[in-house]
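**Student:** The working numbering applies: residue 341 is where the sequence shown begins, and numbers increase by one.
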Amino acid sequence: MMPTALYQTPALKKLTGPVLRPGGLELTRESVMKSHLSPGDKVLDVGCGSGAAGDMLNKEFALNCVGIDVDLDLFASATKMPAARAYAQALPFKSNSLKAVFCECVLSLTPDMGATLGEFYRVLAPGGQLILCDVYLRNKAHVHKIKEMPLACGFRKGMGKTDIHEHVAYTGFQEMVWEDLSYLLTQLAGQAIFEHGSLEHFWARVFGGECKASGRACDAIRASRPGYFRIIARKPGIRIRSTRGSLLENKTPGQAKAEPPPRRAIGTGQLSCPQFRAGPGGGGIIPFGSASTTLYLLCPKGHVRYKEEKND
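Below, the structure is given as structure tokens:
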């Protein structure tokens with residue numbers, strides 16, 4: 341039996357409407373308010389689906405939102421938001437070009453979470469923000485039961501809270517907001533019961549009337565205690581702090597300093613590209629240039645101490 345894609349089923353679409361996730365557009369609105377974006381900021385909606393969220397971001401907040409999805413058949417022709425068919429782990433955008441990435445109930449569906457988060461980090465400008473909402477499991481001991489189900493959904497990834505924090509931190513992001521929004525799943529389950537009479541009947545609709553599969557789905561998901569979360573994380577800027585050209589990650593007061601990425605010494609020499617010159621006094625912010633694939637770090641005398649290759 342081929343796995344059923346939960347987000348493509350009429351049963352779920354009837355519960356969630358065009359956004360196909362818990363919380364709907366109201367949760368996206370809250371995320372915009374918490375992230376303090378400004379009109380005109382260029383943002384990306386990953387897994388844009390029908391385009392409803394992107395249209396809302398553009399109309400209500402005057403953002404410059406574009407979308408990507410692997411299945412543009414879901415994309416509504418009436419939407420005015422620009423969109424492209426693309427994978428989250430291979431984004432068609434320049435490095436350091438976006439102010440925010442919205443990834444709502446998509447990360448858990450990607451085949452490689454690490455590569456996907458790495459792409460989000462790459463395309464965000466220093467100081468840019470990742471708005472991440474998704475499902476997680478509060479009891480991972482039963483994840484094997486979910487993986488046995490003929491169902492393609494975020495629960496199959498088997499992410500726990502610790503897994504999520506570690507993935508985000510390892511990529512280099514600094515978490516500013518973590519919220520447990522599991523009550524949204526409870527609300528969605530209540531809607532399913534109201535609409536179908538029971539969760540078993542809802543899953544039977546998902547699986548096309550197969551009662552045995554629907555019973556296994558209920559048991560597996562109930563045992564795994566699924567939850568829902570929101571993270572707002574920031575890509576830090578980079579500045580020179582010492583005469584040796586070491587890195588200092590910008591951070592919000594009270595937050596732990598993230599470890600800088602690995603560096604390799606290349607000796608000294610005058611920097612040929614003025615775009616990366618921090619100035620004789622040091623301590624200035626070094627911009628990321630979209631035209632270059634190498635970041636040069638200078639000591640206060642203007643000598644190259646390290647360089648880092650970027651994955652453009």
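Glycine included, each C-beta is placed from N, C-alpha and C at the ideal position.
1. For the stretch 562–576 and the stretch 512–526, state whether three or more C-beta atom pairs, one from each stretch, are separated by less than 8 Å.
2. Output needed for C443: all residues of its chain with C-beta closer than 6 Å, excluding positions within five of it in sequence on either side, in chain order.
3. Rounded to the nearest angstrom, what separates Y476 and E366 at their Cα positions?
4. Return the chain-ordered ranges of every beta strand (DSSP E) run that is complete within the stretch 360–412 and spans a minimum of 3 residues.
5. Between which residues of its own chain and A392 is the CB-CB distance below 6 Å, once the five residues before and five after are set aside?
6. How would you write the range of the alpha helix (DSSP H) that G454 sits in, first residue to last?
7. Which of helix, strand or coil does DSSP assign to A424?
8. Can you look up Q514 in the DSSP assignment and give me helix, strand or coil?
9. If you drop the 5 nearest sequence neighbours on each side, which residues of the same chain put their C-beta closer than 6 Å to that of R478?
10. Is K497 helix, strand or coil by DSSP?
11. Apart from the five residues on each side of it in sequence, which residues of its chain come closer than 6 Å, Cβ to Cβ, to L397?
12. Return the residue from the list P362, G454, G380 and P350 that minimises the CA-CA distance to T526.
13. Quick check on V446: does DSSP put it in helix, strand or coil?
**Tutor:** According to the structure data:
1. The stretch 562–576 is in contact with the stretch 512–526.
2. V386 and L472
3. 20 Å
4. Taking only runs of at least 3 residues, the beta strand (DSSP E) segments lying wholly in the stretch 360–412 are 382–386 and 404–409.
5. Result list for A392: P358 and V359, in chain order.
6. For G454, the uninterrupted alpha helix (DSSP H) segment begins and ends at M453 to V463.
7. In the structure shown, A424 sits in a strand (DSSP, three-state: E or B).
8. Q514: strand per DSSP, three-state reduction.
9. R565 and G567
10. The answer is helix: DSSP assigns K497 an H, G or I state.
11. L403 and C405
12. P362
13. coil
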